[in-house]
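Residue numbers (the working numbering): 3 to 741.
All C-beta atoms, glycine included, are put in the ideal place defined by N, C-alpha and C.
A quick note: this is a predicted structure, and the numbers were derived from the prediction, not measured.
Here's the structure, in structure tokens; my notes come after.
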């Protein structure tokens, strides 16, 4: 759904929101690091399609809008401050009203609080408590009626308004009430204490809820706080000085001293150090950084010192992009939310009907004063049935879980991906860069008679210079080690899943898998290739003018973390499949070493996607993990695409989850987190449904015939507030879940 932006909020549940005929426009969410002047967008935590450029309340549910991205320098929440002030004033005024009402039960106090002036005192105390302190509640209730979107504030407004309005009339014109409203002494009961105390309790619930909800943005604030506020820039004359981070531009040279955080994304130019990248990867071991290595904003330098060149600054840094992804995902809607949405759309009208039925039943068959009992019990039904807990059940869990994932190096793009991950039972993985390090090296070079190794490397490296495949770097590195110069290539073409072709010195040269030289006779090179494959090495064939001239064997070591990841994923109940464009013999050796269940080798990119679709057609819920451009179709075809942050940009864009650590242990973290999140959502929904299922009949007075028990509207208000806070507190448990 598009995000709707305007200065005025309007609309109703299930409708596209617009303002004064303005068309809806889809805009990217703003990322506002600390100490910047970018505009802040506000969004409803329960209805993310509602956005505004200023604080306010949602026209659908009435909840306060929150900044889309939590701010590192947010300061005190103005709404929390306002609600807290109103709470204290409402409580101070409600307490004496409550004591006056309770005095009816104590003869010694009743004599003190008796007399014709007492109702007027109650009116004087309750009026500011209800009308001033509770004015935000009435404003939201009125907005819900104007926008034809009944919500929890509709019920609160009607309930408090009925109790207060009735009491005002009973004080000012008691003679207008019939006998059905009068007690055994002929007096008309007043409910100022109910109206005032309920107002205070609802405000208490709002304050507790605002405080608890503020904690759900903790993950983003932690990420934002990682970015340093200054950087040490080296000017053209070699002079070093500290400058605000906002002044750094791409190309600037910066010094990072021991113990400092890396200020922006860039590349090391001088020096070396070990950098703690746990904020990105979740892994505690520092990573050695030397000349040419990339460094990321927010990571922590160790004991060494180095000079870096800035490449990406401000909103372009990896940290800012992570914040943007996390914020977007936190506001997305999970499929589990649909049930709550459907129930909520019918809930408020149903409660209003139940309240009317309750009032009629007590007015017809209740004990005297019948009409007074009818009013009190109808108000109790309205107050206790507020659907806030039901609406908060899913979005609060999603917000906390996605933040928890970000801290563990698992970037989840949407609530839907988080929910789907819990049901995944099959994981398809690429080999190079996913199971292996993706940093291959040439280990063997075999040539046909009359063709020397230097000539073979010259042609192979010249071709690979224009290729982005992970194996290309290995060939180029081998040529560089031998000091072999490269030649110009004409008509370069990359054939997906096969290799590369081009013209060098008037000859057609091809390098890649057996498929790229399918028409060539291999001769004795065929036996060499078979032997090297049995050693788990990838074989690249070099053909010149259609004749096989050499083969290069490339070895890509298995990542140290991969065996543990495979074991854990099996323990979690996932079947593991390898889908690779590599040679079958090489792939089988790697799979046997790791315990992969099935291998599909020699696949083109579209064949990987077809494999995913076939597995899904068998009833499996499939996740795909890869890092290359050739993995993008399969990542898009999977139920959940998982990209390695060390891989290509296209793979990352095609995936629903990105693993910042670049190893498969992140997949296990994502599975555990998603399962814990779904469990948490079910707990919240169960609590919300059961609370209302039990609370509404109790408030209606179903136990009265058997026990004489009635639920006071004040107790109903306390229970309503407690239910919402309980749901949020339960969701916050996900911050500590082990992944």
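{"Query": "Quick check: the stretch 534-554 against the stretch 434-453, are there 3 or more CB pairs under 8 Å?", "Result": "yes"}
{"Query": "How would you call residue 4, buried or exposed, if buried means at least 16 neighbouring beta carbons within 10 angstroms?", "Result": "The predicted position of residue 4 is uncertain, since its pLDDT is 35 and thus under 50; a value taken from the coordinates is nonetheless stated next. Exposed, since its Cβ has fewer than 16 Cβ neighbours within 10 Å."}
{"Query": "Whose C-alpha, out of 231, 308 and 425, is nearest the C-alpha of residue 259?", "Result": "308"}
{"Query": "Give the single residue among 690, 724, 733 and 695 whose Cα lies nearest to the Cα of residue 678.", "Result": "733"}
{"Query": "Mapping the DSSP letters down to three states, classify residue 722 as helix, strand or coil.", "Result": "helix"}
{"Query": "The beta strand (DSSP E) spanning residue 307 covers which residue range?", "Result": "307-314"}
{"Query": "Quick one: what does DSSP say residue 323 is sitting in, helix, strand or coil?", "Result": "helix"}
{"Query": "Just grab the DSSP bridge partners of residue 246 for me.", "Result": "232"}
{"Query": "Does DSSP put residue 453 in a helix, in a strand, or in coil?", "Result": "coil"}
{"Query": "Taking C-alpha atoms, which residue in 555, 507, 511 and 501 lies nearest to residue 527?", "Result": "555"}
{"Query": "So what's residue 510 in DSSP terms, helix, strand or just coil?", "Result": "strand"}
{"Query": "Quick one: grab the DSSP three-state call for residue 505.", "Result": "strand"}
{"Query": "Since residue 170 is in the alpha helix (DSSP H), which residue starts that stretch and which ends it?", "Result": "154-174"}
{"Query": "Going by DSSP in three states, residue 646 sits in which element: helix, strand or coil?", "Result": "strand"}
{"Query": "Round the Cβ separation of residue 568 and residue 596 to the nearest angstrom and send it over; I've been treating them as touching at under 8 Å.", "Result": "5 Å"}
{"Query": "Please say whether residue 461 and residue 506 have beta carbons closer to each other than 7 Å?", "Result": "yes"}
{"Query": "State the start and end residues of the unbroken beta strand (DSSP E) segment that holds residue 271.", "Result": "267-278"}
{"Query": "Please report the residue range of the beta strand (DSSP E) in which residue 492 lies.", "Result": "492-497"}
{"Query": "Short of 7 Å in beta carbon distance, which residues of its chain neighbour residue 67, apart from the five on each side in sequence? Order them along the chain.", "Result": "44, 45, 46, 54, 57, 58, 59 and 60"}
{"Query": "For the alpha helix (DSSP H) that contains residue 687, what are its first and last residues?", "Result": "667-702"}
{"Query": "Nearest to residue 474 by alpha carbon, out of 450, 515 and 324?", "Result": "515"}
{"Query": "With three or more beta-carbon pairs closer than 8 Å as the criterion, would you say the stretch 228-237 touches the stretch 154-165?", "Result": "no"}
{"Query": "Taking all protein chains shown into account, decide if residue 432 is buried (16 or more other Cβ within 10 angstroms of its Cβ) or exposed.", "Result": "buried"}
{"Query": "Could you tell me the distance, in whole angstroms, from the CA atom of residue 374 to the CA atom of residue 168?", "Result": "10 Å"}
{"Query": "Go ahead and label residue 364 buried or exposed: buried means 16 or more other beta carbons lie within 10 angstroms of its beta carbon, across all protein chains shown.", "Result": "buried"}
{"Query": "Taking all protein chains shown into account, decide if residue 611 is buried (16 or more other Cβ within 10 angstroms of its Cβ) or exposed.", "Result": "buried"}
{"Query": "Quick one: give me the first and last residue of the alpha helix (DSSP H) that residue 536 is part of.", "Result": "527-536"}
{"Query": "Could you give the residue range of the alpha helix (DSSP H) that holds residue 589?", "Result": "586-596"}
{"Query": "Between the Cα of residue 577 and those of 436, 709, 626 and 454, spot the shortest distance and give me the residue it belongs to.", "Result": "626"}
{"Query": "Which value, in whole angstroms, describes the spacing of the CA atoms of residue 440 and residue 508?", "Result": "33 Å"}
{"Query": "Please name the residue, chosen from 700, 731, 415 and 725, that lies closest to residue 360 on a Cα-to-Cα basis.", "Result": "700"}
{"Query": "May I ask you to report which of helix, strand or coil DSSP gives residue 573?", "Result": "helix"}
{"Query": "Thinking just about the alpha-carbon of each residue, which of 62, 129 and 118 is nearest to the one in residue 94?", "Result": "129"}
{"Query": "Mind checking whether residue 1 and residue 288 have CB atoms under 7 Å apart?", "Result": "Outside the displayed range of the chain (3 to 741) lies residue 1, so it cannot be described from this structure."}
{"Query": "Would you identify the three-state DSSP class for residue 377, choosing helix, strand or coil?", "Result": "helix"}
{"Query": "Grab the span of the beta strand (DSSP E) containing residue 660 for me, first residue to last.", "Result": "659-661"}
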